[in-house]
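Undergrad: Would you mind keeping the following structure in view while I ask a few things?
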Amino acid sequence: MASSSTQILLPGQPLPSSLTAPPVPQLGSGVYEYGGKILASVIGIPKREGAIVSVIGREESGNTPDVGSVVTRLSPLQAHVTLTTSNNRPLPESSEEFVGVIRIGDVRLTERDKVKMGECFRLGDLVKANVLSLGDARSYYLSTAANELGVVYATSESGNPLVPVSYQEMEDEQTGKRERRKVAKPEGI
Amino acid sequence: MSATFDRRRIPAPEHSTPPIYEPLPSSSENEAGPSRRTDRGPLESRPIFLKTGLISQANGSGYIESGGVKIACSVYGPRPKPPPYSPQGSLNLEVKFAPFASDPRRAPLRDTEPLPLSALLTQSLLPTIHLHLYPKSSIDIYLVVLESDALSNVLSAGLTVASAAVADAGIDMYGLGVGGVLMDKSSVDGGVGVGVEEDGLLLDPSKDEETRAKGMIVVGSMPALGKVTNLFLTGEVDVDQAVDMIDKAISASKETHTILAQALVEGAEERGIGPVPAA
Amino acid sequence: MAATASMSSSVQPEASTSSGATSAAAAATVFQRLHPSQYLSRFLAQGYRPDGRKVRSWREVSVNVGSISTAHGSSLVRMGDTTMVCGIKAEIAEPSASTPNEGFVVPNIDLPALSSSRFKPGPPGDEAQTYSNWLNDLVVSSRTLPLSSLIIAPGKAAWVIYIDVVCINYDGNAFDAAVLAVMTALKNARLPRATYDDDSGRTICSRTERFPLQLGRIPLSCSYGIFESTHLLPDPTSFETRLLPTTLTIALDESDHACLIRQEGLGGVLGASGERVIGEAWGMAEERAKELRELLED
Numbered sequence: 185m186a187s188s189s190t191q192i193l194l195p196g197q198p199l200p201s202s203l204t205a206p207p208v209p210q211l212g213s214g215v216y217e218y219g220g221k222i223l224a225s226v227i228g229i230p231k232r233e234g235a236i237v238s239v240i241g242r243e244e245s246g247n248t249p250d251v252g253s254v255v256t257r258l259s260p261l262q263a264h265v266t267l268t269t270s271n272n273r274p275l276p277e278s279s280e281e282f283v284g285v286i287r288i289g290d291v292r293l294t295e296r297d298k299v300k301m302g303e304c305f306r307l308g309d310l311v312k313a314n315v316l317s318l319g320d321a322r323s324y325y326l327s328t329a330a331n332e333l334g335v336v337y338a339t340s341e342s343g344n345p346l347v348p349v350s351y352q353e354m355e356d357e358q359t360g361k362r363e364r365r366k367v368a369k370p371e372g373i
Numbered sequence: 003m004s005a006t007f008d009r010r011r012i013p014a015p016e017h018s019t020p021p022i023y024e025p026l027p028s029s030s031e032n033e034a035g036p037s038r039r040t041d042r043g044p045l046e047s048r049p050i051f052l053k054t055g056l057i058s059q060a061n062g063s064g065y066i067e068s069g070g071v072k073i074a075c076s077v078y079g080p081r082p083k084p085p086p087y088s089p090q091g092s093l094n095l096e097v098k099f100a101p102f103a104s105d106p107r108r109a110p111l112r113d114t115e116p117l118p119l120s121a122l123l124t125q126s127l128l129p130t131i132h133l134h135l136y137p138k139s140s141i142d143i144y145l146v147v148l149e150s151d152a153l154s155n156v157l158s159a160g161l162t163v164a165s166a167a168v169a170d171a172g173i174d175m176y177g178l179g180v181g182g183v184l185m186d187k188s189s190v191d192g193g194v195g196v197g198v199e200e201d202g203l204l205l206d207p208s209k210d211e212e213t214r215a216k217g218m219i220v221v222g223s224m225p226a227l228g229k230v231t232n233l234f235l236t237g238e239v240d241v242d243q244a245v246d247m248i249d250k251a252i253s254a255s256k257e258t259h260t261i262l263a264q265a266l267v268e269g270a271e272e273r274g275i276g277p278v279p280a281a
Numbered sequence: 016m017a018a019t020a021s022m023s024s025s026v027q028p029e030a031s032t033s034s035g036a037t038s039a040a041a042a043a044t045v046f047q048r049l050h051p052s053q054y055l056s057r058f059l060a061q062g063y064r065p066d067g068r069k070v071r072s073w074r075e076v077s078v079n080v081g082s083i084s085t086a087h088g089s090s091l092v093r094m095g096d097t098t099m100v101c102g103i104k105a106e107i108a109e110p111s112a113s114t115p116n117e118g119f120v121v122p123n124i125d126l127p128a129l130s131s132s133r134f135k136p137g138p139p140g141d142e143a144q145t146y147s148n149w150l151n152d153l154v155v156s157s158r159t160l161p162l163s164s165l166i167i168a169p170g171k172a173a174w175v176i177y178i179d180v181v182c183i184n185y186d187g188n189a190f191d192a193a194v195l196a197v198m199t200a201l202k203n204a205r206l207p208r209a210t211y212d213d214d215s216g217r218t219i220c221s222r223t224e225r226f227p228l229q230l231g232r233i234p235l236s237c238s239y240g241i242f243e244s245t246h247l248l249p250d251p252t253s254f255e256t257r258l259l260p261t262t263l264t265i266a267l268d269e270s271d272h273a274c275l276i277r278q279e280g281l282g283g284v285l286g287a288s289g290e291r292v293i294g295e296a297w298g299m300a301e302e303r304a305k306e307l308r309e310l311l312e313d
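Chains as they are written, first to last, in the numbering used here: chain A, 185 to 373; chain B, 3 to 281; chain C, 16 to 313.
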C-alpha cells in the first residue's frame, strides 16, 4: 500500500510521522537518517511504498542502470561509448561527457568467446546497456548481455537507417544490404 | 606590463583612476559622521529577495538581493569528473566579481579577493552536501557578484544563494545553509550613538558600518539541524561576547532560513514538484 | 487522519496519469538529445521552432535599466532565456601622447562558467574574445561614443569608459542581447561633471552635477543561422546554434545604415543567391531593430 503526502519538504526537514510510523521503514532515495529521525535530503514530496520511504524530487539523473549511449571508438577488445540518457531521461549536457566501456566479454550472454567487436557495434550506433559498475577512473563498465540490450539505432554504410531482422543482423531497407550487429530485441515483440 | 599584457580582452589604458570627488561641505560632514542606522534596527537584518531557477542552462540556480549585494549563482552537476577516480563527489566553487560590481572598478586579473572568498564559501557549504552519494562526479558552483558593498555580506548572502541553487539542482543535502553577519561596533570612535545602544552590536553591517567594526563574525549554519558549518571571526572580541554574537547571528539566520525555504517551495512548484493538481 | 487517507487514495490514479505525461515529455527530450537535427527539422516542417515561436520570428525581449548602484550606468536584457547584464564604469586617465584630444572606450563581453555548461572558469574563451572584438569594432566604427567627447583637459585628463557585459544565462544569440544591453546602459549612464585643476594636476568631480554621455549612432544587432541550407532562422537558441553551420549578423543604426555585417561559415540557402539571402535578412533586421529601438527609447 503506497501512501504519500502533498506537502513539499526541504532538505533537513523531518518526514511527517504518518509516513514513518512503525514498522520502521527502510530508507529510499531523497531521505537520510539523523539523530533517530528520517529527514528529507532533496526538495520534493515524501512517499511511502510498502516498507520504503523516499522523497520524490526533480527527475534525477543518477548513475542507475539502463543507459542509452553512442559508440565513439571501437577496439578489438572493447567499445568506448558516451552516455547520453539514463533511465530514459537525458543526462545533463556539459563539456565533460560521461564515458563508458563495453568489454568484449560483456557484449553477449552466450558464445562469449566467439564475439568479434566489429560484428556487434559500429561507430555512431546507439546502444542500450546496463551499468555493471562504476568502472575505472575514466569509464563506467557497461553490459549488453541480455536480449533486450544492444544496438537500438544504427545507420548503414550508405547512411540509411537500419531495421533489425534478427538478433544479430540489421537491414538497410533501401539497398536491402544486411549488416551484423548485436541487436537489442525491440520493445513489444 | 608586457609580462601581464592581457591579449584576451580589449586593451585598456595602463593606468586609470576612479573619479575623485570634491570634498563635502564641512557642515554636512558633521551630519554624516558616525551616525546610527536609520533604515532598520541594529539587530534587524537586511531585506532579502531570493529566487531560484532563473538560469535555464544550469541544473540549479539562485539569485539573491540583500541590501546592496546582488549575486547570481548556478550549479552544474553532478557531472563527470576527469580522472583520478574519487570515491566521493568533489565540490568546486568559484566566486567572480563583475568588474562593475564594486567601487572602485575591479579590473580582471588584478582582483585577488575572490580566491579567499571562494575558499571560505566552499568550507561553509561542504558540510551541507551528501557528497558520498556522487562518486566520480563533480558539483560545480559558480557565483557572479553583480553588485556588492560589504564583503562580509557577500560571504553570507553567497552562502544562502549557493545553498538555494544546490537544493534547486536536486542534489542531496543534509540541510539548507544560510549565512549571518554580526559586528561589534568599536566604542573608541563610535562617538555619540554608542551609549544609546547597550551592546553596540550590529546585524548585517553596511560598508560604512563595517569600517568601524571592532570585531566581526560571519556564521554559516544549518538552522534546520541546529548546526554551525563555518565560523569566521575577525578583529578583537571577548570570549563571552563572541558566544553572544554567535547566538545572535544564528537566531538572525533562522529568519533568513524562512525566506530561503519559502523561495525554494515556490521554485519547486514552478518546476512541477508538488501536489498533483486536481484535473 | 481520514482526510489524509482519502486524499492519498485520490492522488494515486492522477499521479500515474501524470507520470504518463512526463514520460512523453521525457521521450521528446531523449529524442532531442539523440537526434538533434531530426528533432529540429521536424519542428521546422510544421512551421515552428522548438521553443514554440514561428520559424521566422524572434524571441521576446525585456530591458531593465539602472538597477546596479555601483555602476555609472547599467542595464539587464533578457532575450528569451538569454540574460545579459551590462555595467558602465567611468575612470580617469591621461590621454595617450598620439591622441591628446581623445578619451578611451574599453568594451568587453564575459561569458562566465555560470552562464552555460559549455564554458569553463578562467580567462575569456574564444567565443567571448570574438564577441568582445565585434563589440569593439561596432562601438568604434559606428562612433557610438565619440572619443573626442570624453576629453576633460586635452593632453592631461580624459574619461575611460569601461563597458563590461556579463552573461548570466546563455541560451544563444549572446551578441544581439549584449549589443542591446550596451546601448541601453550607455543611454542610462550619468557621469559626474569633471574639472582638471592645472595647479594640482588633479581632476576633481562634482558631487551634484551629472551629465549623460554624448552618443552618436546607436547600432542594434540582429543575428541569424542557416539550417541545412534551407531555413534562415532568426535569433537562434543555444540548442539550435550547434546545428547551424552558417551564421549571419547584421547591425543597423537608426537610419537603417549598416554598422556591421558578418557571415561565418560557407554556404547559404539552396536556390537563393547570397544577395537574396542578405536582402531577406536585412529586411527582417530593419523590422526587428525598430522593435528593439522602442525598448531603447523607454
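The beta-carbon is built from N, C-alpha and C at its ideal position, and this holds for glycine as well.
1) Once you ignore the five residues that flank R158 (chain C) on each side, which residues in its own chain have a CB closer than 8 angstroms to its CB?
2) Are the stretch 91-103 of chain B and the stretch 47-59 of chain B touching by the rule of at least three beta carbon pairs closer than 8 angstroms?
3) Contact check, K104 (chain C) vs F102 (chain B) under 8 angstroms by CB: the rounded distance?
4) If contact is defined by three or more beta carbon pairs under 8 angstroms, each pair taking one atom from either stretch, is the stretch 172-183 of chain C in contact with the stretch 56-66 of chain C?
5) Per the DSSP calculation, Y337 (chain A) is bridged to which residue(s)?
6) In chain A, which residues lie less than 8 angstroms from R273 (chain B) when you measure between Cβ atoms?
7) Strictly below 7 angstroms CB to CB, what residues from chain C border A214 (chain A)?
8) Are V156 (chain B) and S165 (chain B) closer than 8 angstroms when you measure CB to CB?
9) In the DSSP output, what is V254 (chain A) paired with across the bridge?
10) If distances are taken between C-alpha atoms only, which option among C:L228, C:H246, C:F119 and C:E75 comes closest to Q61 (chain C)?
11) Using a Cβ cut-off of 8 angstroms (strictly closer), state whether A300 (chain C) contacts chain B.
12) Which partner residues does R296 (chain A) have in the DSSP bridge list?
13) Would you call the CB atoms of C220 (chain C) and R303 (chain C) closer than 8 angstroms?
14) Can you give the Cα-Cα distance for L203 (chain B) and G182 (chain B), rounded to whole angstroms?
15) Just mark Y23 (chain B) as buried or exposed, buried being the case when its beta carbon has 16 or more other beta carbons within 10 Å.
16) Taking the straight line between their C-alpha atoms, what separation do you get for R10 (chain B) and N123 (chain C)?
17) Does DSSP put N148 (chain C) in a helix, a strand or coil?
18) Pull up the distance between the alpha-carbon of E16 (chain B) and that of T124 (chain B), whole angstroms please.
19) List in chain order: all unbroken alpha helix (DSSP H) runs of 4+ residues lying wholly within the stretch 192-230 of chain A.
20) Could you give the distance in angstroms between the alpha-carbon of L193 (chain A) and the alpha-carbon of P21 (chain B)?
21) From the beta carbon of S21 (chain C), is the nearest beta carbon of chain A less than 8 angstroms away?
22) Taking Cβ-Cβ distances shorter than 7 angstroms, what residues in chain F pair up with L310 (chain A)?
23) What residues of chain A sit near V154 (chain C), judged by a beta carbon separation below 8 angstroms?
24) Would you list the one or two residues that DSSP bridges to H246 (chain C)?
25) Would you decide whether S317 (chain A) is buried or exposed? Buried here means 16 or more other CB atoms lie within 10 Å of its CB.
26) Within the continuous alpha helix (DSSP H) that includes N203 (chain C), where are the two ends?
27) Tell whether a beta-carbon distance below 8 angstroms holds between S126 (chain B) and N232 (chain B).
28) Is the distance from the Cβ of A159 (chain B) to the Cβ of P207 (chain B) below 8 angstroms?
29) Grab me the residues of R322 (chain A)'s own chain with a C-beta within less than 7 angstroms of its C-beta, minus the 5 sequence neighbours each way, in chain order.
30) Got a sec: is the Cβ-Cβ distance from T44 (chain C) to anything in chain A below 8 angstroms?
31) Starting from T162 (chain B), trace the beta strand (DSSP E) in both directions and tell me its first and last residue.
32) Using a Cβ-Cβ cut-off of 6 angstroms (strictly less than) and excluding sequence neighbours within five positions of R93 (chain C), which residues of its own chain qualify?
33) Does V241 (chain B) pass the burial test, meaning 16 or more other C-beta atoms within 10 Å, or should it be called exposed?
34) Look at the alpha carbon of Q197 (chain A) and the alpha carbon of I222 (chain A), and state the distance between them as a whole number of angstroms.
35) Measuring straight from C-alpha to C-alpha, what distance separates V285 (chain A) and F242 (chain C)?
36) Judging by CA-CA distance, which residue of C:I176, C:D96, C:A41 and C:A43 is the nearest neighbour of V120 (chain C)?
TA: The structure says:
1) As a working note, residue 158 (chain C) is residue 143 in the third sequence. Once the five neighbours on either side are set aside, the close Cβ partners of R158 (chain C) are G231 and R232.
2) no
3) Position 89 of the third sequence holds residue 104 (chain C). Position 100 of the second sequence holds residue 102 (chain B). The Cβ separation is near 5 angstroms, so the contact holds.
4) no
5) Here the question's residue 337 (chain A) lines up with position 153 in the first sequence. BP columns for Y337 (chain A) point to A:L310.
6) Mapped onto the second sequence, residue 273 (chain B) falls at position 271. Within 8 angstroms Cβ-Cβ: R242.
7) What you label residue 214 (chain A) is simply residue 30 of the first sequence in a count that begins at 1. What sits at residue 214 (chain A) in the sequence shown is Gly, not Ala. Correct list: empty, because the minimum Cβ distance to chain C is about 16 angstroms.
8) The residue you call residue 156 (chain B) lines up with position 154 of the second sequence. The residue you call residue 165 (chain B) lines up with position 163 of the second sequence. No, the pair does not count as a contact, with Cβ atoms beyond the cut-off.
9) Along the first sequence, read from residue 1 onward, the residue named residue 254 (chain A) stands at position 70. V254 (chain A) is bridged to A:T266 and A:L310.
10) In the third sequence, counting from the first residue as 1, residue 61 (chain C) sits at position 46. Answer by Cα proximity: C:H246.
11) Against the third sequence, residue 300 (chain C) aligns to sequence position 285. No, no contact with chain B.
12) Working through the first sequence from its first residue, we reach residue 296 (chain A) at position 112. In the DSSP output, where bridge partners are listed per residue, R296 (chain A) has none listed.
13) Within the third sequence, numbered from 1, the residue matching residue 220 (chain C) stands at position 205. Within the third sequence, numbered from 1, the residue matching residue 303 (chain C) stands at position 288. It is not a contact, given that the beta carbons lie outside the stated cut-off.
14) Start at 1 with the first residue of the second sequence, and residue 203 (chain B) comes out as number 201. Start at 1 with the first residue of the second sequence, and residue 182 (chain B) comes out as number 180. For L203 (chain B) and G182 (chain B), the distance between alpha carbons rounds to 13 angstroms.
15) Residue mapping note: residue 23 (chain B) aligns to position 21 of the second sequence, counting from 1. Exposed.
16) Here residue 10 (chain B) refers to the residue found at position 8 when the second sequence is read from its first residue. Here residue 123 (chain C) refers to the residue found at position 108 when the third sequence is read from its first residue. Each residue's Cα considered, the two are about 10 angstroms apart.
17) Your numbering for residue 148 (chain C) matches position 133 in the third sequence. Three-state result, N148 (chain C): helix.
18) Residue mapping note: residue 16 (chain B) aligns to position 14 of the second sequence, counting from 1. Residue mapping note: residue 124 (chain B) aligns to position 122 of the second sequence, counting from 1. Cα to Cα, the separation comes out at about 34 angstroms.
19) 201-204
20) In the first sequence, residue 193 (chain A) corresponds to position 9, counting from 1. In the second sequence, residue 21 (chain B) corresponds to position 19, counting from 1. Their Cα atoms are separated by approximately 50 angstroms.
21) As a position in the third sequence, residue 21 (chain C) is number 6, starting the count at 1. Annotation note: pLDDT 33 at S21 (chain C) (below 50); position unreliable, coordinate value reported separately. So, not an interface residue.
22) Absence of chain F from the displayed structure is noted, the protein chains being A, B and C.
23) As a first step, residue 154 (chain C) must be located in the third sequence, where it is residue number 139. Ordered by position in chain A, no residue passes the 8 angstroms Cβ test against V154 (chain C), which lies about 31 angstroms from the chain.
24) Here residue 246 (chain C) is taken as the residue at index 231 of the third sequence, counted from 1. C:F242, per the DSSP bridge assignment.
25) If you number the first sequence from 1, residue 317 (chain A) lands on position 133. Exposed, by the Cβ-count rule.
26) For the purposes of this step, residue 203 (chain C) is identified with residue 188 of the third sequence, where counting begins at 1. Here the alpha helix (DSSP H) through N203 (chain C) covers A189 to N203.
27) If you number the second sequence from 1, residue 126 (chain B) lands on position 124. If you number the second sequence from 1, residue 232 (chain B) lands on position 230. A contact, by the Cβ cut-off of 8 angstroms.
28) For this step, residue 159 (chain B) is matched to residue 157 along the second sequence. For this step, residue 207 (chain B) is matched to residue 205 along the second sequence. Not closer than 8 angstroms, so no.
29) Mapped onto the first sequence, residue 322 (chain A) falls at position 138. Once the five neighbours on either side are set aside, the close Cβ partners of R322 (chain A) are V283.
30) Taking the third sequence and counting its residues from 1, one reaches residue 44 (chain C) at position 29. By this cut-off, T44 (chain C) is an interface position.
31) Locating residue 162 (chain B) in the second sequence gives position 160, counting from the first residue. Element bounds for T162 (chain B): not the beta strand (DSSP E) but the alpha helix (DSSP H), L153 to D170.
32) Residue numbering aside, residue 93 (chain C) sits at position 78 when the third sequence is read from its first letter. Within the same chain, R93 (chain C) has close Cβ partners S77.
33) In the second sequence, the residue the question calls residue 241 (chain B) occupies position 239. So V241 (chain B) counts as exposed.
34) The residue labelled residue 197 (chain A) in the question sits at position 13 within the first sequence. The residue labelled residue 222 (chain A) in the question sits at position 38 within the first sequence. The alpha-carbon atoms of Q197 (chain A) and I222 (chain A) are separated by roughly 8 angstroms.
35) Here the question's residue 285 (chain A) lines up with position 101 in the first sequence. Here the question's residue 242 (chain C) lines up with position 227 in the third sequence. Looking at the two C-alpha atoms, the distance is approximately 34 angstroms.
36) One-based indexing of the third sequence puts residue 120 (chain C) at position 105. Residue C:I176 is the option with its Cα nearest to V120 (chain C).
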